[in-house]
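Scroll down for the structure; my scribbles are underneath it.
Quick look at the structure:
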């Protein structure tokens, strides 16, 4: 089977020839550290936003080399929204959102073009541009159609709070101004639908809807608030993706148990990453394995950064034993390969997935 | 008078900022002791929302609106509190260098304020030297360090060490998604809490 066939089989909850291996994200530093195992032609260690075009191309090319060498079954592209620098630590995007860049993770909105309901009238909506999909196009051009092409796009919750420049402000309006929250979510959703169209036109097979809805303890909003302020927009997006013949899954860290029914009912095809500190993957498999493909679960908080290669292999083996039988499981870390993860441990994770992930799964308790 | 205290508590619980301010002002005008308003209405309201949050009855939106009502009510009340009554202590909060996440720390700030602490929040991605400078400037009763990522969490012990070099008796609390009691102990911190409400409780416990 090709990587793409494996990924699609898992999403159909059928058994492929082996458990697919894919990753939601690698940071710049992680790509370069992994790249050192396979090539000497590496970009300098800095944020993508601070790289020249040539250095960005080299970074992407390093990522594709890693994907080929490790025979990953899917590759994830992010939207490369154009930004202009504000100062050393901040950039502004096409929506007018001010983002703080970070060496340890993705940029986060700290200021938005909307502060109150009346701002929505004058808001100049940003429409996705072909250049935003350059990473996807490069992935399709370099890795072809034998590998599943995943495009990650923030969901309506994250896009909404980014427009306000603060998650707390959005959650405050959940109580104070429900109409405003819904209007913002629709602005965000209209934009996301355009992104889904352009992703589909440019070769994406799967959409990853990003943006955490939970933290370690519980969800950021109550199940009733999810139903009112997030679910209808999720539904619009999943229906649109399916009309375009694309799969779509929800990503959220944290304890998502309170709204897992909603995630399945909203029409998502999968759920990522089943953070092991908050959710037990065997239980997710039992309760939702007949409705959702399960992705993730290999701990990137402690295990991949600080564990040994043997411990990583043992965790992969146990996770495959619990989650893979019957299909419907794609292995990945419990969020991303961030700069704290040892590259050796990621390589050990991929190797162990190959060792233990051949179907039919035959791992004793 | 009890009806005003009950009214303030209810107004904070449902996040009615204007009602909270109005009732606090009414109470003061009618001769309610400022300390009574704080201890018998405002702080119990935040404890109540904390209990509901811990039991899964309330979520972050309910907490945020209650904390905002509390904050606005405190603005009315504060000028009337005598120096010694001005709260539970001073907390200096920040997220360690490399970590730009703010919501966890901001929730801790809200809960600390709700528990009567004065809070100086020095923001996110704070370099170790800046923690030391801010500690020197504010001399807080408690320093709170936050990290969301297991990579940035590694900077916590460095900050603890640097602040202790400034003041060996500094009381330091740590928290954030990847932080555990074991990590807090190994970092030399005095306190750890798994969530924002527990952090406020722990802070009080450490100072008593």
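Chains as they are written, first to last, in our numbering: chain A, 1 to 365; chain F, 366 to 573.
C-beta atoms are modelled at their ideal positions from N, C-alpha and C, and glycine is treated no differently.
A Cβ of chain F is located within less than 7 Å of the beta carbon of residue 339/A. By the neighbour-count criterion, in which a residue is buried when 16 or more other Cβ atoms sit within 10 angstroms of its Cβ, residue 363/A is exposed. For residue 338/A, no alpha helix (DSSP H) run applies, since DSSP gives it neither H nor E.
Under the 10 Å beta carbon count, residue 121/A is surrounded by fewer than 16 other beta carbons and is classified as exposed. CA-CA distance, residue 42/A to residue 102/A, rounds to 21 Å.
Residue burial is scored here from C-beta neighbours: residue 167/A has at least 16 other C-beta atoms within 10 angstroms and is therefore classed as buried. With respect to the C-alpha of residue 444/F, the residue from 400/F, 476/F and 433/F having the closest C-alpha is 400/F.
DSSP lists no bridge partner for residue 300/A. Look at residue 549/F here: in three-state DSSP terms it is helix. The Cβ atoms of residue 323/A and residue 281/A sit closer than 7 Å to each other. Here DSSP, grouped into helix, strand and coil, assigns residue 268/A to coil. Taking 7 Å as the CB threshold, residue 430/F lines the interface with chain A.
Within the region 282-314 of chain A, the residues whose Cβ lies closer than 7 Å to any Cβ of chain F are, in chain order, 301, 302 and 305.
Contact annotation for residue 421/F against chain A: 218 and 258 [CB-CB distance below 8 Å, chain order].
Between the alpha carbons of residue 439/F and residue 375/F lies a distance of about 15 Å.
For residue 260/A, same chain residues with a beta-carbon under 8 Å away, outside a window of 5 residues either side, are 271, 284, 287 and 288 in chain order.
DSSP lists 92/A as the beta-bridge partner residues of residue 84/A. Ranking 4/A, 5/A and 30/A by CA distance to the CA of residue 343/A puts 30/A first. Rounded to the nearest whole angstrom, the C-alpha separation of residue 458/F and residue 510/F is 6 Å. Just measuring C-alpha positions, the residue of 495/F, 515/F and 479/F sitting nearest residue 545/F is 515/F. Interface annotation, residue 233/A: not in contact with chain F, CB-CB separation never under 7 Å. Against chain F, the CB of residue 213/A has no partner CB under 7 Å away; the residue lies outside that interface. With a beta-carbon spacing of about 4 Å, residue 520/F and residue 461/F fall inside the 8 Å limit used to define contacts. In this structure, residue 499/F places its C-beta atom within 7 Å of the C-beta atom of residue 487/F. For residue 397/F, no alpha helix (DSSP H) segment is defined, and its DSSP state is neither H nor E.
Nearest C-alpha to residue 127/A among 192/A, 256/A, 306/A and 114/A: 192/A.
Judged by DSSP secondary structure, residue 100/A falls outside any alpha helix (DSSP H) and instead within the beta strand (DSSP E) spanning 98-102. When C-alpha distances from residue 384/F are compared across 538/F, 431/F and 570/F, the shortest belongs to 431/F. By the CB criterion at 7 Å, residue 181/A and residue 172/A fall outside the cutoff. Restricting attention to beta strand (DSSP E) runs no shorter than 3 residues, the region 464-496 of chain F encloses them at 482-486, ordered along the chain. A contact between stretches requires three or more CB pairs, one per stretch, nearer than 8 Å, and the region 326-340 of chain A meets this requirement with the region 293-308 of chain A. Those residues of the region 221-248 of chain A placed with their C-beta closer than 7 Å to a C-beta in chain F are 221, 222 and 225, ordered along the chain.
From the beta-carbon of residue 176/A, the residues of chain F found nearer than 7 Å are 430. Shown here, residue 372/F sits in a helix according to DSSP, grouped into three states. In the three-state reduction of the DSSP assignment, residue 251/A falls in the strand class. The contact set of residue 100/A on chain F, defined by CB atoms closer than 9 Å, consists of 465, 489 and 490 in chain order.
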